[in-house]
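Here's the structure we're looking at; comments come further down.
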Ligand SMILES: Nc1ncnc2c1ncn2[C@@H]1O[C@H](C[S@+](CC[C@H]([NH3+])C(=O)[O-])CC(=O)[O-])[C@@H](O)[C@H]1O
Ligand SMILES: O=C(O)C(=O)Cc1ccccc1
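In the working numbering, the protein residues as written are 395 to 651.
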């Protein structure tokens, strides 16, 4: 055990989340089909942190892995960076100066991210790219993080994007990926969904809000099974894939080039 690598200061870690409450699906009109429009962006931090089990733990874990696999002189890229919460956290973690890149095809998301990273910009080089991830280059990256974003892409695009990421990563480079998944067993899928919805209710969402959002996400957020996702990672070239965190239907993996 290398005790130099253990840093007790990293726990617990607060995320920088804007406080505006997500009431989008409460009444009136709501985004159907679901889209990352300005209304969603305004409440996004509150929405994702109340909707994704272990969100804080996942981002903290990704920051640990990023710090450990970062190779000086290369880039760290967050794909689907949204409001920049992960990059802001990572910026506080990293001891050495680095180039941090956020990719998102939603301009309003990146405007929020710019604001969130004002202080981090004093320490690190920050770049934002407003484009579809599938159009981007991942050259000279040692760490790529893609949390809850593949699930919104058409299946063929997911495979192409993962292949492009693999090719861009330097040898020894790391991909950290989180997704919503479905169980291959209908009975488990039904039970897991019920437990997930209880988690949302516990976080203050009413049954109507949960049902409306579920409908809005149909055919927009398309989950794979764990086996399908892992196969896709191996098919993209990665030669070591392992899961790190799972609760209900949300899971995180690491994959190594
Ligand atoms: N083709 C695309 N190319 C680039 N970005 C895209 C694309 N399609 C959607 N997006 C962007 O991917 C992000 C997905 S959210 C990620 C959460 C973040 N990772 C977090 O840990 O806070 C997940 C969620 O909302 O469940 C949004 O910001 C979209 O604009
Ligand atoms: O899958 C769901 O039901 C969610 O609510 C996850 C989510 C979180 C944030 C934006 C879109 C989907």
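Ideal Cβ positions, reconstructed from N, Cα and C, are used throughout, including at glycine.
Excluding its 5 nearest sequence neighbours in each direction, residue 618 has no C-beta neighbour in its own chain below 6 Å. Remark: the shortest separation between the CB of residue 639 and any heavy atom of ligand 2 does not fall under 8 Å. Residue 481 has its alpha-carbon roughly 8 Å from the corresponding atom of residue 475. Inclusion of residue 475 in the 8 Å shell around ligand 1 follows from its C-beta lying nearer than that to a non-hydrogen atom of the ligand. Taking C-beta atoms as the reference points, residue 538 and residue 532 count as a pair closer than 9 Å. A residue is called buried once 16 or more other Cβ atoms fall within 10 Å of its Cβ, and residue 541 is buried on that count.
Boundaries around residue 434 are those of the alpha helix (DSSP H), 432-445, since no beta strand (DSSP E) includes it. The DSSP-derived three-state label of residue 413 is coil.
C-alpha of residue 587 to C-alpha of residue 643: approximately 7 Å in a straight line. Assignment of alpha helix (DSSP H) within the region 546-593, counting only whole runs of 4 or more residues, yields 549-562 in chain order.
Distance from the CA atom of residue 457 to the CA atom of residue 487, rounded to whole angstroms, is 7 Å.
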